[in-house]
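Visitor:
2 protein chains.
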Amino acid sequence: MPRTTAHTNDELTERALLQFWHHGFHATSMDTLVKTTNVSRHGIYTAFGGKKQLFHACFERYQDIVVTPAFACVEEPGADLSAIARYFETQIARGAESGLPGPGCFVANASTETAPHDAITQTKVAQHNARLRNGFQNALSNTGMAPPSDRTDALAQVCVVFTNGLWSMSRTTTDADALRAAVKTFLDTLKADLT
Amino acid sequence: MPRTTAHTNDELTERALLQFWHHGFHATSMDTLVKTTNVSRHGIYTAFGGKKQLFHACFERYQDIVVTPAFACVEEPGADLSAIARYFETQIARGAESGLPGPGCFVANASTETAPHDAITQTKVAQHNARLRNGFQNALSNTGMAPPSDRTDALAQVCVVFTNGLWSMSRTTTDADALRAAVKTFLDTLKADLT
DNA sequence: GATTTAACAGAACGATCATTCTGAATCAAG
DNA sequence: CTTGATTCAGAATGATCGTTCTGTTAAATC
Chain A
1 MPRTTAHTND
11 ELTERALLQF
21 WHHGFHATSM
31 DTLVKTTNVS
41 RHGIYTAFGG
51 KKQLFHACFE
61 RYQDIVVTPA
71 FACVEEPGAD
81 LSAIARYFET
91 QIARGAESGL
101 PGPGCFVANA
111 STETAPHDAI
121 TQTKVAQHNA
131 RLRNGFQNAL
141 SNTGMAPPSD
151 RTDALAQVCV
161 VFTNGLWSMS
171 RTTTDADALR
181 AAVKTFLDTL
191 KADLT
Chain B
1 MPRTTAHTND
11 ELTERALLQF
21 WHHGFHATSM
31 DTLVKTTNVS
41 RHGIYTAFGG
51 KKQLFHACFE
61 RYQDIVVTPA
71 FACVEEPGAD
81 LSAIARYFET
91 QIARGAESGL
101 PGPGCFVANA
111 STETAPHDAI
121 TQTKVAQHNA
131 RLRNGFQNAL
141 SNTGMAPPSD
151 RTDALAQVCV
161 VFTNGLWSMS
171 RTTTDADALR
181 AAVKTFLDTL
191 KADLT
């Protein structure tokens, strides 16, 4: 019998991603990976080479199926502050559905648990944050009356920091509305600053 | 020969703290703990009971020797926005000294790596964040022309989120000045919002 | 249907780790 | 000095983990 449930590498990666995301790299053993993916050890090793390489594949898969769908609205040409609000709400709602304290953001988790011991993960995290900054800068530049770009650049960096903080707090807080309140207050101060 | 270098449990805890802080819980083995503390396994086990309990002791030690000295100025009765600025600068300077990307905040690291698998760590992290919020609220209420307390409360929560984000980013960024710029921009928007 | 290929399940291996245990060494008290 | 308690260094233990290997089974090709 060939691969019973994960017929493609994408499916395999998605199942592995869930484990890494919710339990971290160290707490996810090869044994649980074999069980949850229904792919044999041999299959995983021939397809990816090892646990670490599978983790890298999950990193990219996470960006494709989680980050991009949620953040694309901020990156669109006509995006404004409301797009940023929608991005935050999407992510908070996801955390609230699965029950807070939630698994947070895969990238943010990798940034503290994996990146210090793995250069590849470190550059991936840096690229992710750069993407966020560019997206925020785009949305902020479409808000208010044409603010100077160095101003929106600085505010975009603040948005990136705030985003990382949101994820961090979603791992210990049990109150989704407290996160929503923080987002609303933050966006209000941003708006006040841009008009 | 009794304990050669760590004569007290406090010294032992401080040396262990450095390891946990810089390399995380999983990447810090009992072997490295024995080597860096110069205390025998037997000594560690009789003094603390195990690795996890030692970690909890390090958590409290971190708050005593790192958090409190840096954050006390925000908690003082007459504290204002400049105290918050000093707190951020203290922490960024610490990270820049040891070289970015740095070890970040022990509490923030524990929040993503240890808290999900350990209820005690989870409550400790929650208490730490509550302390931060109270401190920020104190400093914010002394700023501007007596803003309503629910306003400073909301802004204090934003400050906590921002703080967590700062630590998260300090683990992957190599540019301390980018962090300083984010802090300055953030504090400017806060000040503009309070006056 | 015979042969080749690919994937499987699970044992085996080597390494690491937290914890416990053993015997020696050190120090305090009389 | 001698006794007794304490601490040490390091081996032993039992468990876990990532990786590799072996025999077997299912699919694909002709």
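Residue numbers (the numbering used here), protein chains in the order written: chain A, 1 to 195; chain B, 1 to 195.
No residue lacks a Cβ here, since even glycine has one placed at the ideal position from N, Cα and C.
(1) Are the CB atoms of N164(A) and S168(B) within a distance shorter than 7 Å?
(2) Any beta-carbon of chain B closer than 7 Å to the one on A119(A)?
(3) Got a sec: is the Cβ-Cβ distance from R3(B) to anything in chain A below 7 Å?
(4) List in chain order: all unbroken alpha helix (DSSP H) runs of 4+ residues lying wholly within the region 56-129 of chain B.
(5) Which whole-angstrom value is the C-beta distance of S141(A) and T152(A), which I expect to be below 8 Å?
(6) Taking the alpha-carbon positions, what's the D196(B) to G49(B) distance?
(7) The alpha helix (DSSP H) with F48(B) in it runs from where to where?
(8) So, do the region 81-99 of chain A and the region 39-54 of chain A have three or more beta carbon pairs nearer to each other than 8 Å?
(9) According to DSSP, is H22(A) part of a helix, a strand, or is it coil?
(10) Out of H117(B), V66(B), I120(B), D80(B), state which residue places its alpha-carbon closest to the alpha-carbon of G95(B).
(11) Take C58(A) and list the residues in its own chain whose beta-carbon comes closer than 7 Å to its own, dropping the five residues that flank it on each side.
(12) Mapping the DSSP letters down to three states, classify G165(B) as helix, strand or coil.
(13) Is T28(B) helix, strand or coil when you go by DSSP?
(14) For S29(B), count neighbouring C-beta atoms within 10 Å of its own C-beta (all shown protein chains included) and say buried if the count is 16 or more, exposed if not.
(15) Does E113(B) pass the burial test, meaning 16 or more other C-beta atoms within 10 Å, or should it be called exposed?
(16) Tell me the DSSP secondary structure of R180(A) in three-state form.
(17) Which of the three DSSP states, helix, strand or coil, is assigned to G135(B)?
(18) Does the CB of A72(A) have a neighbour CB from chain B at under 7 Å?
(19) Pick from Q137(A), F136(A), H128(A), V39(A): whose alpha carbon is nearest that of R61(A)?
(20) Please report the distance separating the alpha-carbon of L237(A) from that of L81(B).
(21) Which of the three DSSP states, helix, strand or coil, is assigned to N38(B)?
(22) What three-state label does DSSP hand A154(B) in the structure shown?
(23) Using a 10 Å radius around the Cβ and a threshold of 16 neighbouring Cβ atoms, would you call G24(B) buried or exposed?
(24) With 7 Å as the threshold, decide whether the Cβ of R171(A) is near any Cβ in chain B.
(25) Helix, strand or coil for A146(A), going by three-state DSSP, please let me know.
(26) List, in order along the chain, the chain A residues whose C-beta lies closer than 8 Å to that of T185(B)?
(27) Of all the CB atoms in chain B, is at least one closer than 7 Å to the CB of D193(A)?
(28) Please report the Cβ distance between A119(B) and T172(A), rounded to the nearest whole angstrom; I am assuming they are in contact, meaning their Cβ atoms lie under 8 Å.
(29) Going by C-alpha to C-alpha distance, which of A126(A), K52(A), F71(A), K35(A) sits closest to A139(A)?
(30) I need the straight-line Cα distance from T32(B) to S149(B), nearest angstrom please.
(31) Less than 7 Å between the C-beta atoms of F186(A) and A156(A), yes or no?
(32) Please classify P103(B) as buried or exposed, where buried requires at least 16 other C-beta atoms within 10 Å of its C-beta.
(33) Looking at C-alpha atoms only, which residue of Q91(A), F106(A), N134(A) is the closest neighbour of A79(A)?
Guide: Per the coordinate set shown:
(1) yes
(2) no
(3) Here the model assigns R3(B) a pLDDT of 47, short of 50, so the residue's position is not dependable, and the following value carries that caveat. With 7 Å as the cut-off, R3(B) does not count as an interface residue toward chain A.
(4) 68-75, 81-97, 106-113
(5) 5 Å
(6) Chain B is shown from 1 up to 195; residue 196(B) falls before or after that span and cannot be answered.
(7) 41-48
(8) no
(9) helix
(10) V66(B)
(11) T13, A16, L17, F20
(12) helix
(13) coil
(14) exposed
(15) buried
(16) helix
(17) helix
(18) no
(19) H128(A)
(20) Absent from the structure is residue 237(A), since the part of chain A shown begins at 1 and ends at 195.
(21) coil
(22) helix
(23) buried
(24) yes
(25) coil
(26) A154, L155, Q157, V158
(27) yes
(28) That pair is no contact at about 11 Å.
(29) F71(A)
(30) 48 Å
(31) no
(32) buried
(33) N134(A)
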